[in-house]
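In my numbering, the protein residues as written are 182 to 361.
Even glycine gets a Cβ: it sits at the ideal position worked out from N, Cα and C.
A short write-up of the structure that comes next.
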Amino acid sequence: MLDFQRDGSFWTAKAQLLSWAGYQTRNGPYGSISSDSPSDGVVTIYAPDRDESPPTEQDRTSVQWLLDHEAELASAVLEGLLAEYPRLQRLYGYEGADREALMPDVSSSEDFRQLIGLHNVHALQMLKDGISYVGYEFGCTWDEEHGLGVLMHGTRVVEVGDAQTSFTLWIAERDGGVET
Numbered sequence: 182m183l184d185f186q187r188d189g190s191f192w193t194a195k196a197q198l199l200s201w202a203g204y205q206t207r208n209g210p211y212g213s214i215s216s217d218s219p220s221d222g223v224v225t226i227y228a229p230d231r232d233e234s235p236p237t238e239q240d241r242t243s244v245q246w247l248l249d250h251e252a253e254l255a256s257a258v259l260e261g262l263l264a265e266y267p268r269l270q271r272l273y274g275y276e277g278a279d280r281e282a283l284m285p286d287v288s289s290s291e292d293f294r295q296l297i298g299l300h301n302v303h304a305l306q307m308l309k310d311g312i313s314y315v316g317y318e319f320g321c322t323w324d325e326e327h328g329l330g331v332l333m334h335g336t337r338v339v340e341v342g343d344a345q346t347s348f349t350l351w352i353a354e355r356d357g358g359v360e361t
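Spelled out as structure tokens, the structure:
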């Protein structure tokens, strides 16, 4: 089990998610690039926000599940992003050289290695059918301010959007999640 420590207003722990090694290193403020070297997969995991109370046993079990299934989850996150990426390209509307530099066309999930880097993982205090919601917060080339977020329920992509998608509780509620 991870050793969660109080970090300001949150309970956090560091973990190495090897599936994200080789992507951009995005440990700077707001998921900005913090190194020119590829990521080693170490990220911050945020436990559910419950005032100042430490993570519950359910919270720890949920985090352990995501660690035990991180490769499967990473694959699902990337496939979900690949499916949603054309919509994001239309939304951002980059053209010409900007499009090539910031949001080029991709043909596989491997093409994202030069465009994104995992910044944080959020274990939310939301459950549906006994399964927790987990959010993946990325820095990305196309939106340095708002980043990229993917909210998951098990291995199912719930929503892809900006970084706040990864930790916004009402998205999980809309999906049928219940706060624990």
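Item: Span separating the alpha-carbon of Val223 from that of Phe185; Value: 15 Å
Item: Gln270 in three-state terms, based on DSSP; Value: helix
Item: Cβ contact (3+ pairs, closer than 8 Å) linking the region 185-194 and the region 223-241; Value: yes
Item: Length of the line joining the Cα atoms of Asn208 and Ser216; Value: 8 Å
Item: Assigned secondary structure, Asp188 (DSSP; H/G/I helix, E/B strand, else coil); Value: strand
Item: Touching by the beta-carbon criterion (3+ pairs, under 8 Å), the region 247-257 and the region 277-287; Value: no
Item: Cβ distance (whole Å) where Leu198 is taken to contact Glu251 below 8 Å; Value: 5 Å
Item: Alpha-carbon to alpha-carbon, Asp221 and Arg337; Value: 25 Å
Item: Counted within 10 angstroms of its Cβ, other Cβ atoms place Leu272 as buried (16 or more) or exposed; Value: exposed
Item: Inside the region 247-327 only - beta strand (DSSP E) runs reaching at least 3 residues; Value: 297-309 and 312-321
Item: Cβ-Cβ distance between His327 and Ala344 below 7 Å; Value: yes
Item: beta-carbon Arg231 near the ligand PLP non-hydrogen atom, thresh 6 Å; Value: Within the structure as shown, the ligand PLP is missing, as the structure has no ligands at all.
Item: Length of the line joining the Cα atoms of Thr193 and Asp240; Value: 12 Å
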